[in-house]
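Undergrad: Dumping the structure here so I can ask a few things about it.
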Amino acid sequence: MPSPDFFRGLRNRLIISILLWVVIIVLARVLFLLCNIF
Numbered sequence: 014m015p016s017p018d019f020f021r022g023l024r025n026r027l028i029i030s031i032l033l034w035v036v037i038i039v040l041a042r043v044l045f046l047l048c049n050i051f
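In terms of our numbering, the sequence shown is residues 14 to 51.
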């Protein structure tokens, strides 16, 4: 059995990667809207 710290680190990496994807998607949408406005 892996240690609980391993699972904690894995969960933290998963949360960080999901947050990065959300930020990238939001930035892409904002840039798309700005390109449509101008």
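The beta-carbon is built from N, C-alpha and C at its ideal position, and this holds for glycine as well.
In this text, all values refer to a predicted model and were calculated from it rather than measured experimentally.
Which of the three DSSP states is assigned to F51 in this structure?
TA: coil
Undergrad: How is S30 classed by DSSP in three states: helix, strand or coil?
TA: helix
Undergrad: Which same chain residues, not among the five before or five after R42, have their C-beta less than 7 Å away from its C-beta?
TA: Within its own chain, no residue has a Cβ closer than 7 Å to the Cβ of R42 once the five positions on either side in sequence are excluded.
Undergrad: Would you tell me roughly how many angstroms separate the C-alpha atoms of N49 and V35, rounded to the nearest one?
TA: 21 Å
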